[in-house]
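Chemist:
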DNA sequence: ACAGCTAATGATATCGATATCAAGACATCG
DNA sequence: CGATGTCTTGATATCGATATCATTAGCTGT
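Chains as they are written, first to last, in the numbering used here: chain U, 1 to 335; chain F, 336 to 670.
#1: Can you give the beta carbon distance from residue 439 of chain F to residue 622 of chain F, rounded, assuming they're within the 8 Å contact cut?
#2: Considering just the uninterrupted stretch of the alpha helix (DSSP H) at residue 270 of chain U, what are its terminal residues?
#3: In chain F, what lies closer than 7 Å to residue 237 of chain U by C-beta?
#4: Please say whether residue 330 of chain U and residue 178 of chain U have beta carbons closer to each other than 8 Å?
#5: Quick check on DSSP: helix, strand or coil for residue 298 of chain U?
#6: Suppose the cutoff is 7 Å on Cβ atoms and the five residues either side in sequence are ignored; what does the same chain contact list for residue 651 of chain F look like?
#7: With distances taken Cα to Cα, identify the nearest neighbour of residue 62 of chain U among F/435, F/355 and F/459.
#8: Pull up the distance between the alpha-carbon of residue 498 of chain F and that of residue 430 of chain F, whole angstroms please.
#9: Check the C-beta distance from residue 127 of chain U over to residue 133 of chain U and give it rounded, since I have them as a contact under 8 Å.
#10: Which residue wins for smallest C-alpha separation from residue 517 of chain F, given the options F/355, F/357, F/493 and F/667?
#11: Which residues of the stretch 609-621 of chain F have a Cβ closer than 9 Å to any Cβ of chain U? Give them in chain order.
#12: Could you name each continuous beta strand (DSSP E) segment of 3 residues or more that falls completely within the stretch 510-544 of chain F, going from the start of the chain to the end?
#13: Against chain F, does residue 188 of chain U count as a neighbour if the rule is that its beta carbon must be under 8 Å from one of theirs?
#14: Residues of chain U with CB closer than 8 Å to the CB of residue 564 of chain F, please, in chain order.
#15: Residues of chain U with CB closer than 7 Å to the CB of residue 594 of chain F, please, in chain order.
#16: Opposite residue 465 of chain F in the DSSP bridges: which residues?
#17: Taking C-beta pairs closer than 7 Å, name the residues in chain F that residue 263 of chain U reaches, listed in chain order.
#18: By the criterion of Cβ-Cβ separation under 7 Å, what are the contact partners of residue 461 of chain F in chain U?
#19: Measuring alpha carbon to alpha carbon, tell me which residue in U/98, U/234, U/36 and U/42 is nearest residue 60 of chain U.
#20: For residue 322 of chain U, collect the residues of the same chain with a Cβ closer than 7 Å to its Cβ; drop the 5 residues on either side in sequence, then sort them by chain order.
#21: In terms of DSSP beta bridges, what is residue 659 of chain F paired with?
#22: If you measure from the beta carbon of residue 112 of chain U to each beta carbon in chain F, is any gap under 8 Å?
#23: Please report the distance separating the alpha-carbon of residue 154 of chain U from that of residue 226 of chain U.
#24: Going by DSSP, what residue range makes up the alpha helix (DSSP H) through residue 567 of chain F?
#25: Closer than 7 Å by C-beta to residue 567 of chain F: which residues in its own chain qualify, once you throw out the five before and the five after it? Chain order, please.
#26: For the beta strand (DSSP E) containing residue 481 of chain F, list its first residue and its last residue.
#27: Considering only residues of the same chain and omitting the five flanking positions on each side of residue 149 of chain U, which have a CB-CB separation below 8 Å?
#28: To the nearest angstrom, how far is it from the Cα of residue 75 of chain U to the Cα of residue 436 of chain F?
#29: Any heavy atom of the ligand FMN within a distance shorter than 7 Å of the CB on residue 383 of chain F?
#30: Residues of chain F with CB closer than 7 Å to the CB of residue 66 of chain U, please, in chain order.
#31: Would you mind giving the Cβ-Cβ distance between residue 279 of chain U and residue 272 of chain U, rounded to the nearest angstrom? I have them listed as a contact below 8 Å.
#32: Under the DSSP definition of a beta bridge, which residues are partnered with residue 249 of chain U?
#33: Alpha carbon to alpha carbon, what distance is there between residue 110 of chain U and residue 376 of chain F?
#34: Under 8 Å between C-beta atoms, does residue 335 of chain U make it to chain F?
#35: Tell me whether residue 557 of chain F is buried or exposed, calling it buried when 16 or more other Cβ atoms sit within 10 Å of its Cβ.
#36: Any residues in the stretch 131-160 of chain U with a beta carbon nearer than 8 Å to a beta carbon of chain F? Which ones, in chain order?
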C-alpha cells in the first residue's frame, strides 16, 4: 500500500489507483470508472476523483492496462538495417515513408514502435497489435521471420507471385517501362541502367526497363552500383568512360545517383541531354531546381505510408485487406 | 488454463508460461528461469524447455513482464507536429535526427516509441522509460507538459537561460555568425535573412546573423517565410524584387529555400554569386551538385540523434547528464 | 407496506510474468 | 550416523488495472 510509495519514492507520482481510492474513500474500481468517464459513476464523484488524480499527478500504468486488455494500441514498424552498414536506416526516403505511417497511426490514436530486425529490441515487437515491415529482406527472409509472430502484418516492397500478406508498394516495373519509353521516343540507342538490382524493388525497375527496350530491339547495359550517392553516380560514369563503353542514356535508380552522373558526363565535355539523356528516381524536391532540371520517376512515399497504416488499422479491426500497387509517373524535365 | 486457449484460439500461440509448464511437467517459475538462461536450472531441463517453447511458438507477453519489472526498455520520441499543418514531422531532416536516435537506442537494446504531442496516443508515452523531445514548442510549452510525467527527459532544440533538462542542439547562433562573417568578407552591403524566426532555433540563427552584422554597421533585412520549400524561396525573391528592395546577399534557413531563391535571382537576370551571394542551411547531399554549387551551413543531425540517445541512456542509468551544443560549420562553395 | 426496479458502488478474480522465501534431494564431513 | 551445505525446484505473493458478479440504497407503484 503506502509502503510501496515510501520504498521507492518515485519521481513525483508512483500513485496507483488503489492509492487514489484510499484518498477518495472509495474503491479502486470506482476510481477506474471515474477516470474512464464511465456513466456508471455519479458525475460529482467522477469530478472529485478526476480532480484528485490531477492534483496528485496520477499516472496510469500502461503496462498493467495493456496486460488486462490484451492490446497495446501500438503498431511496430520494422525497418531494414544491415548488420554491418547502418546506412539504410538513415536514408531519407524510408524515413519519409515512416512519416506517412506515423501521421496516420497517431491520428487514429495508435503509437508507433520503431525497431530494426536485429537485437533484443525485436522482442518488444511482440507487444504490438500489428506489424508494418519496410522492406522484405533478401528472399523474403524478413517476412517469414516475423510471420511466425502471428500478428496482423503489412509489408512495403515489391509484389510477389504469391504473397501471404498484404503488400503495398510502388509500381516499379511501370517505372522502368516509362523510362524506357521515354528513351525510345528520343531515339536513344545505348541506354544504361545504374543501380543495385538485388533490392527486389530495383530489380523490378530493371526488368520493366529491360523488357520494354528489348521489345524494341535494344539491349541496355546494367551498371551495378550499390551506393545511392552523388559520388557513386560520378564514379559510375567514369567507369563507363574508361571502359570506352558507348552510352547515350542513363537510368539511375535514385536522384542523387542521377545528379552525380550528370556532373560526371558534363565533366567529360558531353552535353546533357543532347549527348546523353538522364532520368532519376524519386523526384526529390530539388530535382526541379537542378541545372539542368532533372527528369525523374515520381513515387509518392508519404501516400504509401498512409496507405500502409490504413491497411494495418483495417487488419486490426478484423477487416480483410488486399495488396495494392501505387502508380508512378515520369516527370520529364530537361534531362 | 487450457480453457483460455480454447476460448480465444489466437493466431498461433496464446501459450503462456503456465501452459508451457504444464506441457513440460514443471512449474511456471522454472519455465521463466529456463527461458531467461538462468544458471539456477539444470542445463538439460533448460534445453528441453527452450526447445518446447520454440516448437510451440511460445511468445513472451511483454506487457506482463513490463508490469512486473517496472520498466519497458522503451524510449518515447515526441516530434513536434502542429495541429493544422503536418509538415514539420514529414520534413526529411527531423527524421534524420530520428534515424540517429533509433540507431543508437536499438543498438543498446531499447525500442523507440514514436508519438506526437496530440491525441490519446500521448498516453502510451507513460509506459516509456524516458522521453526525447524533438523541438521545444512555443515558449517551452511542450517541455513543460511532458515534464510533469517525471520521466528522464532530453530535449533537442535551442538552449535557454535556465533549462531544467539537458538540451542538445546545434549552435545556431554560431551558424548565423559564420554566414554574417562570410558576407562581410565579401563586402556585401544589403544582406537578407529568409526564414521563420518563430522557431527558437531559427531565431538563434537570425540573432547571431544580425548581431554580427550590426557590429559592423550593417543592418540586415528580415524576410519572413514560413515554408521551407523551393517555391517559397522563389516567392521570397520575387517579393524583394517587386518591392524594389536592394539586396546582394541571401541567408536562407534551409537549402531548399536557398535553391529556390537562386533560381529566382537568376531569372531576374542577376548572377549568383557575382550580384548576389546565397547561403543555405543543412548542407544536404545535393547542395554540392547544385549549379552553382551551394554554400551552406552544415549541422550534423545524425550525430545529434546519437548524442540525444546516449544522454538518455545515461539518464536512465542514473548518471548525471549535461546540455551540449554541437558545432556547425560553413561549407563555402560557389554561391 | 412490500415486491420490484434502477442507480451507484464494492469484492473478487484475472491478465502473464517474476521475486522471495521455502522445501526436497543429494552429497560431504566430523 | 546425523548435521550441514549445495543444487534444483516449487508455492505464493506481487506488479496495477479492469470484467464480472454481487450488493446496498433509494425509489416507484398498487
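All residues carry an ideal CB built from backbone N, CA and C; glycine is no exception.
Modeler: In short, the structure shows the following:
#1: Your numbering for residue 439 of chain F matches position 104 in the second chain. Your numbering for residue 622 of chain F matches position 287 in the second chain. About 26 Å separates the CB atoms of residue 439 of chain F and residue 622 of chain F; that is not less than 8 Å, and the two are not in contact.
#2: The residue given as residue 270 of chain U occupies position 270 in the first chain. First-last for residue 270 of chain U: undefined, no H or E at that position.
#3: Looking up residue 237 of chain U in the first chain gives position 237. What residue 237 of chain U touches in chain F: nothing, since even the nearest Cβ is about 13 Å away.
#4: What you label residue 178 of chain U is simply residue 178 of the first chain in a count that begins at 1. What you label residue 330 of chain U is simply residue 330 of the first chain in a count that begins at 1. With contacts defined as CB atoms closer than 8 Å, residue 178 of chain U and residue 330 of chain U qualify as a contacting pair.
#5: Residue mapping note: residue 298 of chain U aligns to position 298 of the first chain, counting from 1. Of the three classes helix, strand and coil, the one that applies to residue 298 of chain U here is strand, per DSSP.
#6: Indexing the second chain from 1 puts residue 651 of chain F at position 316. Contacts found: 464, 465 and 487.
#7: Position 62 of the first chain, counting from 1, holds the residue named residue 62 of chain U. Comparing Cα positions, the closest option is F/459.
#8: Translated into the one-based positions of the second chain, residue 498 of chain F becomes position 163. Translated into the one-based positions of the second chain, residue 430 of chain F becomes position 95. Going by the C-alpha atoms only, they are around 24 Å apart.
#9: In the first chain, the residue the question calls residue 127 of chain U occupies position 127. In the first chain, the residue the question calls residue 133 of chain U occupies position 133. Incorrect: roughly 16 Å between the Cβ atoms, too far for contact.
#10: For the purposes of this step, residue 517 of chain F is identified with residue 182 of the second chain, where counting begins at 1. Cα-wise, what sits closest to residue 517 of chain F is F/667.
#11: Hits within the stretch, in order: 619, 620 and 621.
#12: 526-530
#13: Within the first chain, the letter at position 188 stands for residue 188 of chain U. So no, residue 188 of chain U is outside the interface.
#14: For the purposes of this step, residue 564 of chain F is taken as residue 229 along the second chain, with counting starting at 1. Residues of chain U passing the Cβ test: 285.
#15: Locating residue 594 of chain F in the second chain gives position 259, where the first residue counts as 1. Going along chain U in sequence order, the residues near residue 594 of chain F (Cβ under 7 Å) are 286 and 289.
#16: By 1-based counting over the second chain, the position of residue 465 of chain F is 130. Beta bridge pairing from DSSP links residue 465 of chain F with F/410.
#17: Translated into positions along the first chain, residue 263 of chain U becomes position 263. Near residue 263 of chain U (Cβ distances below 7 Å), the residues of chain F are 624.
#18: If you number the second chain from 1, residue 461 of chain F lands on position 126. Those within 7 Å of residue 461 of chain F in chain U are 59, 60 and 62.
#19: As a position in the first chain, residue 60 of chain U is number 60, starting the count at 1. It is U/36 whose Cα lies nearest to the Cα of residue 60 of chain U.
#20: Looking up residue 322 of chain U in the first chain gives position 322. Taken in chain order, the residues that qualify are 166.
#21: Working through the second chain from its first residue, we reach residue 659 of chain F at position 324. DSSP lists F/503 as partners of residue 659 of chain F.
#22: For the purposes of this step, residue 112 of chain U is taken as residue 112 along the first chain, with counting starting at 1. Using a Cβ-Cβ cut-off of 8 Å, residue 112 of chain U counts as an interface residue toward chain F, since at least one Cβ of chain F sits closer than that to its own.
#23: Within the first chain, the letter at position 154 stands for residue 154 of chain U. Within the first chain, the letter at position 226 stands for residue 226 of chain U. Distance between the alpha carbons of residue 154 of chain U and residue 226 of chain U is about 27 Å.
#24: Here the question's residue 567 of chain F lines up with position 232 in the second chain. Residue 567 of chain F -> alpha helix (DSSP H) spans 565-577.
#25: Taking the first residue of the second chain as 1, we reach residue 567 of chain F at position 232. Excluding residues within five positions, the ones whose Cβ falls inside 7 Å are 560, 592 and 595.
#26: The count along the second chain starts at 1 and reaches residue 481 of chain F at position 146. Segment 476-482 is the alpha helix (DSSP H) holding residue 481 of chain F; no beta strand (DSSP E) there.
#27: On the first chain, residue 149 of chain U is found 149 positions in, with the first residue counted as 1. Closer than 8 Å at the Cβ level, and outside the excluded window around residue 149 of chain U, lie 125, 126 and 131.
#28: Stepping through the first chain from its first residue, residue 75 of chain U is reached at position 75. Stepping through the second chain from its first residue, residue 436 of chain F is reached at position 101. Taking the straight line joining both Cα atoms gives about 19 Å.
#29: As presented, the structure is devoid of all ligands, the ligand FMN included, so that no description of it is given.
#30: Counted from its first residue, the first chain places residue 66 of chain U at position 66. Per Cβ cutoff of 7 Å: 398.
#31: Position 279 of the first chain, counted from the start, is the residue given in the question as residue 279 of chain U. Position 272 of the first chain, counted from the start, is the residue given in the question as residue 272 of chain U. Rounded, the Cβ-Cβ distance is 11 Å, inconsistent with contact.
#32: Walking along the first chain from the start, residue 249 of chain U turns up at place 249. Answer is U/191 and U/277, bridged to residue 249 of chain U.
#33: Start at 1 with the first residue of the second chain, and residue 376 of chain F comes out as number 41. Start at 1 with the first residue of the first chain, and residue 110 of chain U comes out as number 110. Rounded to the nearest angstrom, the two C-alpha atoms are 40 Å apart.
#34: In the first chain, counting from the first residue as 1, residue 335 of chain U sits at position 335. For residue 335 of chain U, the answer is no, since every Cβ of chain F falls outside 8 Å of its Cβ.
#35: Reading the second chain from its first residue, position 222 is the one you call residue 557 of chain F. Here residue 557 of chain F is exposed, its C-beta having fewer than 16 other C-beta atoms within 10 Å.
#36: 148, 149, 150 and 151
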